[in-house]
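Enquirer: Per the numbering used here: the sequence shown = residues 1473 to 2209.
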Amino acid sequence: MEDTSSQKSGESKDAQSSLTPEESPVHFIPTKLEEYEPVNLSTQDLILKKAREVCLCSHQTIIAFFCHLFPVLDWLPRYNVKTQLLGDVISGLLVGIVAIPQSISYALLANQDPIYGIYTNFFCNIIYFAMATSRHNFVGSFGVLCLMIGQSVNRHLQLAGYSDDDTGSSLTGNSTSSTNGTDACDRSCYAIRVALSLSFLVGLYQILLGVLQLGFVSVYLSEPLLSGFVTGSSLTIITSQMKYLLGLKIPRHEGVGSFILTWIDLFRYIHNTNICDLVTSLVALVIIVPVKEINDRYKDKMKAPFPVELLVVIVDTVLSYYFNFEKRYNSAVCGDIPTGFRKPTLPDTNLFSSLAVDALPIAIIGFAMTVSLAEIFGKKHGYPVRANQEMVAIGMCNLIPSFFYCFASSAALTKTLLKESTGTQTQISGLVTSLVLLLVLLWIAPLFYSLQTAILGVVTIVNLRGGLRKFCDTRRMWQLSKVDSLVWWMTMLASTLITTEIGLLVGVCFALLCIIFRTQRPRATLLGRVSNSEIYEDQSTYKQLISIANIKIFRFESSLYYANKDYFKTILYQKTGVNPTLLSAKHQKAETRANADTGKNKSIFCPRSYSLKANKKRSEKTPADVCLPSIDIHTLIIDCRAMQFIDTVGFSALNEIYRDYKDIGVQVLLANCNPSIRHLLQEGGWAGKTDCGNQLAFHSVHDAVKFAEKWYHVQQESEEKKDAPLDPEDLNFQESL
């Protein structure tokens, strides 16, 4: 009994040891996974299926459609007056107070009359209230967009023959009937006509992007790119506002080099500086900047920020009125601001062809800022945001107001941050802000007649501090990612020194080139095994890794496609130390020389029965003057973990590598292939299906290593036994291959 039990225990131990890959590589069991059968629908069936889903009409689908298009129908019935109304009212009032001077100043930046800036913020908040999924975004005039609008408007004014002095009269030969059909169209009338047509096109682009589910376009505007663009645009805006701070009358430059040309004119005409405007600007800066810094520093402790901008605007308006700055010191003021609303008008379709290109970057920047801000605050406060619905909402905020004398708008960063910090709960706060602006439109607007434009320039510049602070973050950005830092600097410099539109295009192209370059020459390493585990890591990064004898494990940390297939082959040959093409050429040369010396036609190189031991024997039989290169590798394993895809050119490169290494007796195995790559290998007939079939693609590096060790073991035994039959176990293994 004891012998029997000991024998059984010994057999069980032998069985356990035989199943351990580390102790006995002979018993290798490959991992096989069965895939789901794909559902193959014809194109016609797929179209019909989607059409049925879309055209299915019922009471529930109609309600769901309108709730999807107008999210206010979903959340307004659940609005909690007790817990949410107070925060919305307070936030709306504070944002409305801040929006008054900014609406006027940004209208000046967009080359428009002040009243149109108030119109824009009034109408946009009402529309966004009904269609937005974001609870915190403030949609209205945004500095960067106003700059781009102003550049396009000024360019069309120059093409139409208007000069900077044509503020109240039309030019002969260029005058057209105004929107009401009674008066001639002066410079201000033509400027708003261009802005309305531009806003219509911007809204149309954004709605199309949202309806066609093309929100992925915004992913090409990365955070460093947008940050650099905003900083470059901020520098351009500050430059454009300097003439108001100094009280200078200089031409507004457009196109390439406008930033440098404007500064040249500022220094050229600096002797004409209006002392009243300069003193007013300096005093306003000394007052506004410290108070804004205090508001930012203690915003967590303060219930509401101090409205210093509005206070400065009121004080300056009163002083300018009583001391008559306009006539006594020749100071520029806002002038007459009408009250009430104008009759709706249609955009000028004749301008669409010339504005189509200008509208595209404005539309992209507008929805990118809106969607990014919505997602930031949605994640922060834990509610979902639908990006495509946000694009439709911001598109409607530009399309519909274009009939009511409004220029293009988007989510404004500073006022959105103010809304969030003052406790807004829903877009009800946007309605409260619109009510504040309505009071200005109906009664208060004429009181700003004596407001100096220098103060508006100060308000605009002060609100750009956030963009200028990005310079302080570049050092940290350089430490984290040098590529992102280069994208930031390239976009910022191009937006500043060239134009904002070209700067955005340059930034996108440069960012894409960086991605292409990083995938074209990615990191490639050889892997070693972590002791007593099935983990394989980079030998150049980690210490004490075990190299597998006569097996090279190569990892390529990028997808394999047409742009990097040559680099893939070069770095593979460099890392493994074996160039099969050169090695085959040397073998052929050695064979030719050996045949010439011995007069025999025997080949010293037999690729299909190649082994390390056989190669040594053949090397001994070659003539003394023929030196064959030695190889310390019998298997190459390519780790495809980082490869997302392989295109047809990359697949051809893999096949070429397989054949080249096979000619010198080295087998090539793939590991960690994702399902799409495995499907490509199967469809393309990887390994020719004549040797080991599709078993040459493994689910892990460790499986590939065990297979290689078993394969080499069988090859060595067959070389030693030669004519002797193989063991049944080995025969079964080869049949399984």
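Positions of the beta carbon are idealized from the N, C-alpha and C atoms, including for glycine.
Under 7 Å, do Asn2004 and His2106 count as touching if we go by C-beta distance?
Expert: Numbered from 1 along the sequence shown, position 532 holds the residue referred to as residue 2004. Numbered from 1 along the sequence shown, position 634 holds the residue referred to as residue 2106. No.
Enquirer: To the nearest angstrom, how far is the alpha carbon of Cys1539 from that of Thr1894?
Expert: Walking along the sequence shown from the start, residue 1539 turns up at place 67. Walking along the sequence shown from the start, residue 1894 turns up at place 422. The straight-line gap from Cα to Cα measures roughly 28 Å.
Enquirer: Indicate the three-state DSSP secondary structure (helix, strand or coil) for Gly1729 in the structure shown.
Expert: For the purposes of this step, residue 1729 is taken as the residue at position 257 of the sequence shown. Correct three-state label for Gly1729: coil.
Enquirer: The beta strand (DSSP E) that contains Val1904, what's its start and end?
Expert: Here residue 1904 is taken as the residue at index 432 of the sequence shown, counted from 1. Careful: Val1904 lies outside any beta strand (DSSP E), inside the alpha helix (DSSP H) at 1900 to 1911.
Enquirer: Quick check on the DSSP output: the beta strand (DSSP E) that includes Glu2009 runs from which residue to which?
Expert: Here residue 2009 refers to the residue found at position 537 when the sequence shown is read from its first residue. Unbroken beta strand (DSSP E) run through Glu2009: 2008 to 2010.
Enquirer: With which residues is Gly2000 paired in a DSSP beta bridge?
Expert: Counting from 1 along the sequence shown, the entry for residue 2000 is found at position 528. Note: Gly2000 sits in a beta bridge opposite Glu2009.
Enquirer: What residues match up with Ser1882 in a beta bridge as DSSP calls it?
Expert: Here residue 1882 refers to the residue found at position 410 of the sequence shown. Paired residues: Gly1612.
Enquirer: Below 8 Å on the Cβ atoms is my guess for Asn2036 versus Arg1995; work out the distance and round it to an integer in Å.
Expert: Within the sequence shown, residue 2036 is the residue found at index 564, counting from 1. Within the sequence shown, residue 1995 is the residue found at index 523, counting from 1. Not really, about 12 Å apart at Cβ, beyond 8 Å.
Enquirer: Find the nearest neighbour of Lys1815 within the set Lys1799, Leu1845, Val1857, Phe1875, judged by alpha-carbon distance.
Expert: The residue you call residue 1815 lines up with position 343 of the sequence shown. Nearest C-alpha to Lys1815: Phe1875.
Enquirer: Does the distance from the C-beta atom of Val1674 to that of Ala1865 stay below 7 Å?
Expert: The sequence position of residue 1674 within the sequence shown is 202, counting from 1. The sequence position of residue 1865 within the sequence shown is 393, counting from 1. No, the Cβ-Cβ distance between Val1674 and Ala1865 is not below 7 Å.
Enquirer: Compare the beta carbon distance of Leu1999 and Ile2118 with 7 Å and say whether it is the shorter of the two.
Expert: For the purposes of this step, residue 1999 is identified with residue 527 of the sequence shown, where counting begins at 1. For the purposes of this step, residue 2118 is identified with residue 646 of the sequence shown, where counting begins at 1. No, these two residues do not count as a Cβ contact at 7 Å.
Enquirer: In angstroms, rounded to a whole number, what distance separates the CA positions of Lys2193 and Tyr2045?
Expert: Within the sequence shown, numbered from 1, the residue matching residue 2193 stands at position 721. Within the sequence shown, numbered from 1, the residue matching residue 2045 stands at position 573. If I take the Cα positions, the gap works out to 33 Å.
Enquirer: On a CA-only basis, which of Arg1947, Gly1559, Phe1594 is nearest Leu1909? Give me that one, please.
Expert: Numbered from its first residue, the sequence shown carries residue 1909 at position 437. The option with the nearest alpha carbon to Leu1909 is Phe1594.
Enquirer: Work out the CA separation of Leu1871 and Met1964 for me, nearest whole Å.
Expert: Within the sequence shown, residue 1964 is the residue found at index 492, counting from 1. Within the sequence shown, residue 1871 is the residue found at index 399, counting from 1. C-alpha separation (whole angstroms): 30 Å.
Enquirer: Classify Gly1975: buried if its beta carbon has 16 or more other beta carbons within 10 angstroms, exposed otherwise.
Expert: Taking the first residue of the sequence shown as position 1, residue 1975 is located at position 503. Buried, by the Cβ-count rule.
Enquirer: Whether or not the stretch 1558 to 1566 and the stretch 1696 to 1712 are in contact is what I'm after, with contact meaning three or more pairs of Cβ atoms, one per stretch, closer than 8 Å; do they touch?
Expert: Touching, no.
Enquirer: Determine the direct distance from the alpha carbon of Asp1749 to that of Cys1657, and round the result to whole angstroms.
Expert: Locating residue 1657 in the sequence shown gives position 185, counting from the first residue. Locating residue 1749 in the sequence shown gives position 277, counting from the first residue. Between Cys1657 and Asp1749, the C-alpha separation is close to 31 Å.
Enquirer: Please tell me whether Arg2150 and Ala2169 are closer than 7 Å, where the distance is taken between their beta carbons.
Expert: Start at 1 with the first residue of the sequence shown, and residue 2150 comes out as number 678. Start at 1 with the first residue of the sequence shown, and residue 2169 comes out as number 697. Yes, these two residues count as a Cβ contact at 7 Å.
Enquirer: In chain order, what residues of the same chain have a beta carbon less than 7 Å from the beta carbon of Glu1483, not counting five sequence neighbours either side?
Expert: As a working mapping, residue 1483 is identified with position 11 in the sequence shown. Residue placement at Glu1483 cannot be trusted, given a pLDDT of 42 that sits under 50; what the coordinates show is reported in the next sentence. Counting only Cβ-Cβ distances below 7 Å, and skipping sequence neighbours, we find nothing.
Enquirer: Report the rounded CA-to-CA distance for Glu1892 versus Lys1954, giving the unit in angstroms.
Expert: Counting from 1 along the sequence shown, the entry for residue 1892 is found at position 420. Counting from 1 along the sequence shown, the entry for residue 1954 is found at position 482. Answer to the nearest angstrom: the Cα atoms are 33 Å apart.
Enquirer: Going straight from the alpha carbon of Pro1586 to that of Ala1579, what length do you get?
Expert: The residue given as residue 1586 occupies position 114 in the sequence shown. The residue given as residue 1579 occupies position 107 in the sequence shown. Computed Cα separation, rounded: 5 Å.
Enquirer: Could you give the distance in angstroms between the alpha-carbon of Phe2026 and the alpha-carbon of Tyr2039?
Expert: Translated into the one-based positions of the sequence shown, residue 2026 becomes position 554. Translated into the one-based positions of the sequence shown, residue 2039 becomes position 567. If I take the Cα positions, the gap works out to 14 Å.
Enquirer: In the DSSP assignment, what are the bridge partners of Asp2111?
Expert: Here residue 2111 is taken as the residue at index 639 of the sequence shown, counted from 1. Answer is Arg2027, Ala2143, bridged to Asp2111.
Enquirer: In or out: Val1904 buried (at least 16 other Cβ within 10 Å) or exposed?
Expert: For the purposes of this step, residue 1904 is identified with residue 432 of the sequence shown, where counting begins at 1. Label assigned to Val1904: buried.
Enquirer: Look up Ile1722 in the DSSP assignment and say whether it is helix, strand or coil.
Expert: Position 250 of the sequence shown, counting from 1, holds the residue named residue 1722. Coil.
Enquirer: Using the Cβ count rule (16 or more neighbours within 10 Å means buried), how would you classify Pro2052?
Expert: Within the sequence shown, numbered from 1, the residue matching residue 2052 stands at position 580. It counts as buried.
Enquirer: Please list, in chain order, all residues of the same chain as Asp1517 whose beta carbon is under 6 Å from its beta carbon, the five residues on each side excluded.
Expert: Translated into positions along the sequence shown, residue 1517 becomes position 45. Nothing listed; no residue qualifies.
Enquirer: Assign Gln1713 to one of two classes, buried (16 or more other C-beta atoms within 10 Å of its C-beta) or exposed (fewer than that).
Expert: Start at 1 with the first residue of the sequence shown, and residue 1713 comes out as number 241. So Gln1713 counts as buried.
Enquirer: I'd like the list of long-range same chain contacts for Tyr1551, defined as Cβ closer than 7 Å, with 5 residues on each side in sequence excluded.
Expert: For the purposes of this step, residue 1551 is taken as the residue at position 79 of the sequence shown. Counting only Cβ-Cβ distances below 7 Å, and skipping sequence neighbours, we find Thr1898.
Enquirer: Going along the chain, which residues of its own chain have a beta-carbon closer than 6 Å to the beta-carbon of Asp1820, five neighbours each way excluded?
Expert: Counting from one through the sequence shown, the residue named residue 1820 turns up at place 348. Here the set comprises Arg1665, Ser1669.
Enquirer: Determine the DSSP secondary structure at Phe1778, reduced to helix, strand or coil.
Expert: For the purposes of this step, residue 1778 is identified with residue 306 of the sequence shown, where counting begins at 1. Three-state result, Phe1778: coil.
Enquirer: Between which two residues does the alpha helix (DSSP H) harbouring Val1755 extend?
Expert: If you number the sequence shown from 1, residue 1755 lands on position 283. 1747 to 1769 is the extent of the alpha helix (DSSP H) around Val1755.
Enquirer: Should the stretch 1597 to 1610 be called in touch with the stretch 1919 to 1926, which here means at least 3 C-beta pairs below 8 Å?
Expert: With a cut-off of 8 Å, the stretch 1919 to 1926 and the stretch 1597 to 1610 do not count as touching, because too few Cβ pairs lie within range.
Enquirer: Count Cβ pairs between the stretch 1968 to 1986 and the stretch 1775 to 1795 that sit closer than 8 Å; are there 3 or more?
Expert: Touching, no, given that fewer than three Cβ pairs across the two stretches are closer than 8 Å.
Enquirer: For Phe2123, which residues from the same chain have a beta carbon less than 7 Å from its beta carbon, with the 5 sequence-adjacent residues on both sides left out?
Expert: As a first step, residue 2123 must be located in the sequence shown, where it is residue number 651. For Phe2123, where only same-chain residues beyond five positions count, the Cβ hits under 7 Å are Leu2152, Gly2156.
Enquirer: Where Cys1806 and Ile1590 are concerned, what is the direct C-alpha to C-alpha distance, given to the nearest angstrom?
Expert: Taking the first residue of the sequence shown as position 1, residue 1806 is located at position 334. Taking the first residue of the sequence shown as position 1, residue 1590 is located at position 118. So the two alpha carbons sit approximately 14 Å from each other.
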